[in-house]
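These notes are about the structure you will find just below.
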Amino acid sequence: MSDFIVNSFQLPNSVVDELLADLTGAELKCYLLVVRKTKGWNKEIDSISIGQFMEVTGLSNRSVITACESLVEMGLLERSGGERKLNTYSVKSFEISQTGEKSSSDETGENFSQTGEKSSSDLVKKVHTQNNNKNTIQNTSKKNTKKSVLELLADFGITGQLADDFMIHRKACKAPITGTALKGFQREADKAGIPLAEAITISIERNWRGFKSEWDWRGGGVIHRQPQKMTFTEKNAQPWNREEDWEGVF
1 MSDFIVNSFQ
11 LPNSVVDELL
21 ADLTGAELKC
31 YLLVVRKTKG
41 WNKEIDSISI
51 GQFMEVTGLS
61 NRSVITACES
71 LVEMGLLERS
81 GGERKLNTYS
91 VKSFEISQTG
101 EKSSSDETGE
111 NFSQTGEKSS
121 SDLVKKVHTQ
131 NNNKNTIQNT
141 SKKNTKKSVL
151 ELLADFGITG
161 QLADDFMIHR
171 KACKAPITGT
181 ALKGFQREAD
191 KAGIPLAEAI
201 TISIERNWRG
211 FKSEWDWRGG
221 GVIHRQPQKM
231 TFTEKNAQPW
241 NREEDWEGVF
């Protein structure tokens with residue numbers, strides 16, 4: 001057995017060998033802090049506030065909470081309520097076999113490694129399952145979001161390739177596709193006397209974030225019409241004896 005490093009604490013081998021790839025940076029930071037404050041001081045449990053987690057790990061409040069929740073769900077940590085509304089944390093220990101023999105078992109039939117460390121296969125499977133479930137939920141959420149946008153576009157008659165192109169275009173413009181936005185397109189398309197699909201096609205082709213009927217959509221530019229002031233010669237040519245003669249002068 002190798003000598004212990006001075007001023008150090010131990011970690012279960014399986015956490016590094018089998019679970020490291022599955023832990024996020026935030027989860028690993030929080031796990032190490034709990035191990036340090038418990039096993040590092042020869043204690044089974046310790047009260048750790050969110051503020052302490054944040055100070056030591058440099059994580060945000062939300063990141064700490066999320067990471068600790070995941071570690072508890074994985075079975076790497078145990079948590080319970082403590083004094084002054086502080087949570088107490090403890091590291092789930094890996095039992096040691098009596099003989100340390102390869103593939104030995106206790107009364108429950110649980111297997112042990114050559115070093116006597118309890119096999120963590122069940123824990124590893126649990127972590128993998130949890131991560132797979134997390135990814136499935138995230139992917140499903142993305143699919144559902146995309147589906148809802150496609151359904152919204154379909155309600156306005158925008159389907160197929162045009163719908164896909166419009167989604168890509170709006171994402172590039174950092175503009176979400178909402179019912180309000182589509183109603184705006186529809187209103188301006190009606191003013192221009194063209195179908196909504198044509199207005200959307202024009203906005204994509206010309207890289208416009210939106211569509212306005214007064215824009216030069218037949219040509220290619222955008223016209224912002226403003227009142228033109230009269231020139232000095234035009235002013236002198238005016239009779240100035242009627243009220244309408246003064247319109248547009250100032």
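Going by the UniProt record's numbering, the first residue of the sequence shown is number 1, and it counts up by one from there. A virtual CB, placed ideally from N, CA and C, is assigned to each residue, including glycine.
When you compare the CB positions of residue i and residue j, do they come within less than 8 Å of one another, or not?
i    : j    : result
R209 : A154 : no
T88  : S47  : yes
G179 : L152 : yes
A197 : I158 : yes
F9   : V34  : no
E188 : F156 : no
For residue i, report the span of its beta strand (DSSP E) as first-last.
i   : result
I48 : 46-48
V16 : Per DSSP, V16 belongs to no beta strand (DSSP E); it is in the alpha helix (DSSP H), 13-17.
N87 : 87-91
Which whole-angstrom value describes the C-beta separation of residue i and residue j, a residue pair presumed to lie in contact below a C-beta threshold of 8 Å?
i    : j    : result
K171 : V91  : Not quite, the Cβ-Cβ distance comes to about 44 Å (not below 8 Å), so this is no contact.
A21  : S63  : Actually they do not touch by this definition, with Cβ atoms about 19 Å apart.
I204 : D165 : 6 Å
L86  : S49  : 5 Å
According to DSSP, simplified to helix, strand and coil, what is residue i?
i    : result
N7   : coil
L77  : strand
N61  : helix
T159 : coil
C173 : coil
G193 : coil
L20  : helix
K183 : helix
G116 : Because the pLDDT of G116 is 41, which lies under 50, any placement of that residue in the model is unreliable, and the number read from its coordinates should be weighed accordingly. G116: coil per DSSP, three-state reduction.
Where does the unbroken alpha helix (DSSP H) through residue i begin, and where does it stop?
i    : result
G25  : 25-37
V213 : Contrary to the premise, residue 213 reads as Ser rather than Val in this sequence. Careful: S213 lies outside any alpha helix (DSSP H) and carries neither H nor E.
T178 : First-last for T178: undefined, no H or E at that position.
I200 : 196-205
Can you grab the Cα-Cα spacing for the pair residue i / residue j, in whole Å?
i    : j    : result
K29  : L23  : 10 Å
I194 : G184 : 14 Å
G81  : R206 : 60 Å
K37  : D17  : 22 Å
S113 : E69  : With a pLDDT of 43 at S113, under the threshold of 50, the modelled position of that residue is not reliable, and no figure is offered here.
Y31  : E55  : 14 Å
S14  : L77  : 14 Å
T66  : F53  : 12 Å
L182 : D190 : 12 Å
I177 : A163 : 11 Å
N42  : S148 : 54 Å
P12  : I5   : 16 Å
W217 : M167 : 21 Å
N7   : T57  : 20 Å
E214 : A192 : 8 Å
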